[in-house]
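Peer 1:
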Amino acid sequence: MRHFDIRIIRYRESGVQQRVVSGVLIIAVLVLVLAAGAGAGVFFHQQSQTIVEQQRIIRDQEANQAKLQRRVDMFDEREARIEFLEDYVAELKQSAQSSETAYRKHLALVQGGMEKLEQIHNFMCGRLNIPCAPNPYSMSNPREGLQWLEILQQDFTRFDDALQEYATKRQTFEVQANTIAQLRSQIDEAKRDLAEHMEFLRLREDTVRRLSQKISKATGIPLDAESRSSKPTKAKNSGGPTLLDRMTLEGSGGLMLPEKLRGYLYANSEKYEFGVRVYEDLSVVIERNRTLWRQTPTVIPVRSRLLSDRFGKRHDPFTRRQEFHSGLDFVARKGSPIYAPADGMVRRAKRHFGYGLMVELNHGRGFYPNSKKAVRYRSRFAHLSKIVVRRGQRVKRGDLLGHVGSTGRSTGPHLHYEILVNGRHADPLIPVRRFAPGQRLYHR
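Residue numbers (the working numbering): 1 to 444.
1) Using the DSSP secondary-structure output, state which residues sit across from histidine 414 in a beta bridge.
2) Under the rule that 16 or more other beta-carbon atoms within 10 Å means buried, what is valine 284, buried or exposed?
3) Assuming valine 346 and glutamine 393 form a contact by the criterion Cβ under 8 Å, report the distance between their Cβ atoms to the nearest whole angstrom.
4) Smallest Cα separation from tyrosine 445: which of Ala374, Ala340, Gln154?
5) Helix, strand or coil for asparagine 362, going by three-state DSSP, please let me know.
6) Applying the criterion that 16 or more other CB atoms from any shown protein chain within 10 Å of the CB defines a buried residue, is proline 317 buried or exposed?
7) Helix, strand or coil, according to DSSP, for alanine 426 in the structure here?
8) Measure the C-alpha to C-alpha separation of asparagine 289 and aspartate 399 and round it to an integer number of angstroms.
9) Give me the Cβ distance between histidine 403 and serine 308, rounded to the nearest whole Å; I'm assuming they're in contact under 8 Å.
10) With C-beta atoms as the reference, is valine 302 less than 7 Å away from serine 336?
11) Determine the burial state of tyrosine 355: buried for a count of at least 16 other Cβ atoms within 10 Å of its Cβ, exposed for fewer.
12) Shortest alpha-carbon distance to proline 431 belongs to which of Lys334, Arg294, Asp329?
13) Quick check: the Cα distance between arginine 434 and valine 331, rounded to an integer number of angstroms?
14) If we count the other Cβ atoms within 10 Å of its Cβ and call it buried at 16 or more, is serine 98 buried or exposed?
15) Pull up the DSSP beta-bridge partners for alanine 382, would you.
16) Just list the residues that DSSP pairs aspartate 309 with in beta bridges.
17) Please classify histidine 363 as buried or exposed, where buried requires at least 16 neighbouring CB atoms within 10 angstroms.
18) At the level of alpha carbons, what is the spacing between phenylalanine 324 and lysine 313?
19) Could you pull out every residue in the same chain whose Cβ sits closer than 6 Å to the Cβ of glycine 408, ignoring the five residues on either side in sequence?
20) Rank Ile387, Lys372, Arg333 by C-alpha distance to the C-alpha of histidine 352 and give the top, closest one.
21) Rounded to whole angstroms, what is the Cα-Cα separation between aspartate 329 and glutamine 213?
22) Is it the case that the Cβ atoms of arginine 349 and arginine 397 are separated by a distance below 7 Å?
23) Report the partner residues of valine 346 according to the DSSP bridge assignment.
24) Considering only the beta carbon of each residue, do glycine 366 and leucine 429 sit closer than 7 Å?
25) When burial is assigned at 16 or more other CB atoms within 10 Å of the CB, is methionine 247 buried or exposed?
26) For the putative contact between phenylalanine 381 and isoleucine 338, defined by C-beta atoms under 8 Å, what is the C-beta separation to the nearest angstrom?
27) Measuring only from the beta carbon, is arginine 209 closer than 6 Å to any heavy atom that is part of the ligand HEM?
28) Could you check how far apart the C-beta atoms of proline 297 and tyrosine 377 are, in whole angstroms? I think they sit under 8 Å.
29) If you measure between the beta carbons of glutamine 18 and isoleucine 26, is that distance less than 7 Å?
30) May I ask which residues mark the beginning and end of the alpha helix (DSSP H) holding threonine 291?
31) With a threshold of 16 other CB atoms inside 10 Å of the CB of valine 299, please say whether the residue is buried or exposed.
32) Would you mind working out which of Glu77, Gln322, Leu149, Arg333 sits nearest arginine 305, comparing C-alpha positions?
33) How should serine 14 be labelled, buried or exposed, when 16 other C-beta atoms within 10 angstroms of its C-beta is the threshold for buried?
34) Given a cut-off of 7 Å on the beta-carbon distance, is the pair glycine 412 and serine 385 in contact?
35) Mapping the DSSP letters down to three states, classify histidine 315 as helix, strand or coil.
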C-alpha cells in the first residue's frame, strides 16, 4: 500500500526548514471534514423542515385568526345594530314622554282658558243682567269643551246686542267725562299754583332760618324754638284744619280758583316777608356792630331756669327784713357749670366777703334796650364752689367760669348773678328779654 506525505519547505536567512505532514493525518482530516459537512447538512435539513412546519402552523393560525376576526366583526355589527335599536327605542320613549308633557301642558292651558272664558261669561251675564245657560260640561274633556264653546258663542251674541243698546247711552257718559276732565284741569292748575307758592313760602322760611342762624352765631343769642328747629314737633291730643281745608271753606263748595289761591297764599306770606326784612336789617346792624353784640350779656349763665329771688326788693333770708337784692338767684345743684354770658375780661376771681368765691367780668361796651348809645357792662357771679379762670384772662360767650356752690353769705347751693350798667346795678333780665326772648325762667 502506497503512502504519501506532504513536505512544507520554508526559506529563511538561517537556512531551509522542511516539515513533513503524513498522508494518514491528511486523510483523517478529510474524513473529519466530510463528517462535519454531512452532520451540518443533516442539521440544516432538519432546520429547514422545522421552518417549513412552523410556516405551515403560522398560516393555519392566520387562517383561524381571519375566521375569528370575521366572527368578531359579525358580532360587532350585531351589537351595533342592537345598540342602535336600543337608542332608537329610548328616543321613541323620550319623544312619547315629551309629547305627553306637551299634551298635558296644552290641556292645562286650554282648561285655564276655558275657565277664564267661563269667568268672563259669568261676569258679563251678571253685569248685563242677562240670563245665561250654566256650564254642564267638564273642562277636562276637550269634546265637551267644544260643545260649551258653541253655547258661549250664542251667549256672546246676546252680549253684543246688549252692548249695542248701552252704546246709545255713551253720549251722556262722554259729557260727564268732559266735565270731569275740566274739573281735573282746574285741580291740576290749582295744584301747580299751590306748589309754586308753597315753594315761595319755603324759600322765605329758609331765608328766615338762615338769617336766624347767622344772627345766633354772630351774637350768641338763641332765637325762639321755631327758628332754632326745622323739624316740627307733634303735639298730643291736638289737631285742626289744614291750609287746604280752610281754602275749601272760602270757595263756593269746592277748591279756590287759581287767582284766589294766589292771593290767599301771598296774603299768608306777608309774615315771612316781614320776618325777612326784619332779619335782614338786623343782620346788617349785627355785622356793623358785631363786637358790641358779643359784649352784651344776653345768655343766662347756668342751665337752670328756676329763680329763688329776683332783682329788686325782697325779704332777706337772714334778717327777714325787706332789703334791696342786686341780682338774680338761680337754684342749681352744687358743681353745676357757670358760663360767661358775653365776651369780656376777668376783673376779679377770688373770695370777696359775703359774695364768697366770686368772678367779676368786665365786658366793655354793649347794647342796652332803649339806649341810643352803647353802655359799659360788668357782671358778677357769687357763691361759687370752684373758680376755673384767673384775673386778666379773656373769655368769650359760653366759656366756663366756675361751678355753683354755697360759699359766703348763702343758705344753700345757688348762683347769685348780677350786672352793672355804667357802674350801676341793673336787672339782668332786661337785656335777656329784649335780645333773647326765647329763654324762659320760672320763679319758685
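Glycine residues also receive a C-beta, built at the ideal position from the N, C-alpha and C atoms.
Peer 2: Checking against the coordinates, here is how it stands:
1) By DSSP's assignment, histidine 414 forms a beta bridge with Val331, Gly405.
2) With fewer than 16 other beta carbons inside 10 angstroms of its own, valine 284 counts as exposed.
3) At roughly 5 Å, the Cβ-Cβ gap stays under 8 Å, so valine 346 and glutamine 393 are in contact.
4) The requested residue 445 is not part of the displayed model; the chain covers only 1 to 444.
5) Residue state for asparagine 362 is assigned as strand, using DSSP reduced to three classes.
6) Proline 317 should be labelled exposed.
7) It is a strand residue.
8) Their backbone Cα atoms lie some 21 Å apart in a straight line.
9) In this structure histidine 403 is not in contact with serine 308, their Cβ atoms being roughly 18 Å apart against a cut-off of 8 Å.
10) Cβ distance < 7 Å, so valine 302 and serine 336 count as in contact.
11) With 16 or more other Cβ atoms within 10 Å, it is buried.
12) Closest option to proline 431, Cα to Cα, is Arg294.
13) Straight-line measurement puts the Cα of valine 331 at about 23 Å from the Cα of arginine 434.
14) Exposed, because fewer than 16 other Cβ atoms sit within 10 Å of the Cβ of serine 98.
15) DSSP lists His416 as partners of alanine 382.
16) In DSSP, aspartate 309 forms a bridge with Asp329.
17) Residue burial is scored here from C-beta neighbours: histidine 363 has at least 16 other C-beta atoms within 10 angstroms and is therefore classed as buried.
18) Each residue's Cα considered, the two are about 4 Å apart.
19) If we look at glycine 408 and ignore the five residues flanking it on each side, its Cβ neighbours are Gly354, Tyr355, Gly356, His383.
20) With distances taken between Cα atoms, histidine 352 lies closest to Ile387.
21) In a straight line, the C-alpha of aspartate 329 is about 30 Å away from that of glutamine 213.
22) The displayed chain sequence assigns alanine, not arginine, to residue 349. It is not a contact, given that the beta carbons lie outside the stated cut-off.
23) In the DSSP output, where bridge partners are listed per residue, valine 346 has Leu361.
24) Their beta carbons are not under 7 Å apart, which means glycine 366 does not touch leucine 429 by this criterion.
25) At methionine 247, the pLDDT of 47 sits below 50, so the modelled position is not reliable and the matter cannot be decided from this model.
26) Contact flag correct, Cβ pair sits at about 6 Å.
27) You won't find the ligand HEM in this model; it holds no ligand whatsoever.
28) Going by Cβ atoms, the distance from proline 297 to tyrosine 377 rounds to 6 Å, so yes, they are a contact pair.
29) No, the pair does not count as a contact, with Cβ atoms beyond the cut-off.
30) 290-294 is the span of the alpha helix (DSSP H), which, as asked, contains threonine 291.
31) The residue is buried, with at least 16 neighbouring Cβ atoms inside 10 Å.
32) Cα-wise, what sits closest to arginine 305 is Arg333.
33) Residue environment analysis places serine 14 among the exposed positions, since fewer than 16 neighbouring C-beta atoms fall within 10 angstroms of its C-beta.
34) At least 7 Å separates the beta-carbon of glycine 412 from that of serine 385.
35) Three-state result, histidine 315: strand.
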